[in-house]
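What follows is one structure encoded as structure tokens, with my remarks underneath.
Chains as they are written, first to last, in my numbering: chain A, 4 to 122; chain B, 2 to 206.
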């Protein structure tokens, strides 16, 4: 089988939930994957795993520098776990950190937001 | 298995200058698998067009340690786009973004966008197609929590967002039982130019 694995992210599932009237694309992908495997007499095993990001991936997704992310990990502002000798950030921790950061940003710009929306 | 990179989007000055649009994109992006960036040129132009007492995007960027994207090379390029917009196009390319979010999609020539593999998209259209329901709801909640004087409910924010973002409101109209505030602005005639479709691709591989 040419495609050895299929990854479905929480975003794939959530994006489909926004359009409940249509068949979710991720379900189509799974069906197609299983059908192809069956046609070739292969087994399919579904597994889940804890989603982890590297500090570089967190930097890319937040628009912050690698050194800023390293500093935030060192200060405990962003919690990382060690995998071997490398830092990995659980996806849910990345989301918590981002929401906290954006909460602070919204507080700082509260007057601007009000003026823009209601002014 | 490797994590698929999040989609990068570049914000034009006219988007950075609007606090609500900018915040919806900045805060909601990483919750919807995209993230924003902008360049020094875009930031400086935005500052020139903002309300006098508005918080500068430079202050926000420095306070939260957000990085500027690199300045692109414009020399002798993008002849089909007007001279004043060429730097933004070059900066979008240099940032590695797939999308240029701008209120003035028609300022950017289709042939230049296609040559770069970039799509120019109106912010309301982009948000309506890419901001997930969870992300939109989270940002509305952040707005409501941050607004204490006077207190404003999430449904009031949702209704008011329709003034600037009628398509975004419509995409999540049933989130709160509230009617949209009327938009005082006419809808731009050109909302999209380029090759990349705005809707989220399937990420499975």
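Backbone N, C-alpha and C fix where the C-beta goes; we use that ideal spot for every residue, glycine too.
Comparing C-alpha positions only, which one of the options sits nearest to residue i?
i, options, result
"residue 37 (chain A)", "A:49, A:27, A:88", "A:49"
"residue 108 (chain B)", "B:100, B:26, B:185, B:90", "B:90"
"residue 26 (chain B)", "B:73, B:42, B:123", "B:123"
"residue 11 (chain A)", "A:39, A:52, A:62", "A:52"
"residue 130 (chain B)", "B:142, B:119, B:199", "B:199"
"residue 121 (chain A)", "B:95, B:161, B:135", "B:161"
"residue 97 (chain B)", "B:167, B:157, B:38", "B:38"
"residue 40 (chain A)", "A:15, A:25, A:7, A:17", "A:7"
"residue 30 (chain B)", "B:176, B:138, B:153, B:170", "B:138"
"residue 45 (chain B)", "B:12, B:145, B:128", "B:12"
"residue 42 (chain B)", "B:56, B:73, B:195", "B:73"
"residue 102 (chain B)", "B:5, B:35, B:75, B:51", "B:35"
"residue 166 (chain B)", "B:23, B:7, B:10, B:6", "B:23"
"residue 18 (chain A)", "B:159, B:115, B:187, B:136", "B:136"
"residue 63 (chain A)", "B:125, B:118, B:5", "B:5"
"residue 80 (chain A)", "A:35, A:97, A:68, A:88", "A:97"
"residue 33 (chain A)", "A:71, A:20, A:16, A:23", "A:16"
"residue 171 (chain B)", "B:134, B:191, B:53", "B:134"
"residue 169 (chain B)", "B:140, B:85, B:92", "B:140"
"residue 47 (chain A)", "A:9, A:25, A:99", "A:9"
"residue 117 (chain A)", "B:40, B:117, B:147, B:51", "B:147"
"residue 194 (chain B)", "B:28, B:117, B:54, B:55", "B:117"
"residue 52 (chain B)", "B:18, B:85, B:28", "B:18"
Going by DSSP, which residues form a beta bridge with residue i?
i, result
"residue 85 (chain A)", "A:90"
"residue 67 (chain A)", "B:67"
"residue 55 (chain A)", "A:93"
Consult DSSP for residue i and reduce its assignment to one of helix, strand or coil.
i, result
"residue 68 (chain B)", "coil"
"residue 46 (chain A)", "coil"
"residue 193 (chain B)", "strand"
"residue 8 (chain B)", "strand"
"residue 205 (chain B)", "Because the pLDDT at residue 205 (chain B) is just 39, under 50, the model does not fix this residue reliably, and the value given afterwards should be weighed accordingly. DSSP places residue 205 (chain B) in coil when its eight states are reduced to three."
"residue 105 (chain A)", "helix"
"residue 79 (chain B)", "coil"
"residue 183 (chain B)", "coil"
"residue 25 (chain A)", "coil"
"residue 13 (chain B)", "coil"
"residue 80 (chain A)", "coil"
"residue 20 (chain B)", "helix"
"residue 11 (chain A)", "coil"
"residue 178 (chain B)", "coil"
"residue 38 (chain A)", "helix"
"residue 200 (chain B)", "coil"
"residue 2 (chain B)", "Reliability fails at residue 2 (chain B), whose pLDDT of 49 lies under 50, so the model's placement of it is uncertain and no value is given."
Can residue i be considered in contact with the ligand MG, in the sense that its beta carbon sits closer than 7 Å to one or more heavy atoms?
i, result
"residue 164 (chain B)", "Looking for the ligand MG in the displayed structure turns up nothing, as the structure carries no ligands at all."
Measure the beta-carbon distance from residue i to residue j and round it to whole angstroms, keeping in mind my assumption that it falls under 8 Å.
i, j, result
"residue 65 (chain B)", "residue 104 (chain A)", "6 Å"
"residue 221 (chain B)", "residue 189 (chain B)", "Missing from the structure shown is residue 221 (chain B); chain B here goes from 2 to 206 and no further."
"residue 66 (chain A)", "residue 68 (chain B)", "6 Å"
"residue 75 (chain B)", "residue 88 (chain B)", "5 Å"
"residue 58 (chain A)", "residue 73 (chain A)", "6 Å"
"residue 70 (chain B)", "residue 132 (chain B)", "That belief does not hold up - the Cβ atoms of residue 70 (chain B) and residue 132 (chain B) are roughly 21 Å apart, past 8 Å."
"residue 21 (chain B)", "residue 119 (chain A)", "5 Å"
"residue 81 (chain B)", "residue 113 (chain B)", "5 Å"
"residue 100 (chain B)", "residue 115 (chain B)", "With a Cβ gap of about 14 Å, residue 100 (chain B) and residue 115 (chain B) do not count as contacting."
"residue 176 (chain B)", "residue 159 (chain B)", "6 Å"
"residue 48 (chain B)", "residue 108 (chain A)", "Going by Cβ atoms, the distance from residue 48 (chain B) to residue 108 (chain A) rounds to 17 Å, so no, they are not a contact pair."
**OP:** Mind listing, in chain order, the continuous alpha helix (DSSP H) runs of no fewer than 4 residues lying wholly within the stretch 26-77 of chain B?
**Re:** 41-50, 58-65
**OP:** Write down every uninterrupted run of the beta strand (DSSP E) in the stretch 93-168 of chain B whose length is 3 residues or greater and which is fully enclosed by it, in chain order.
**Re:** 100-102, 120-122
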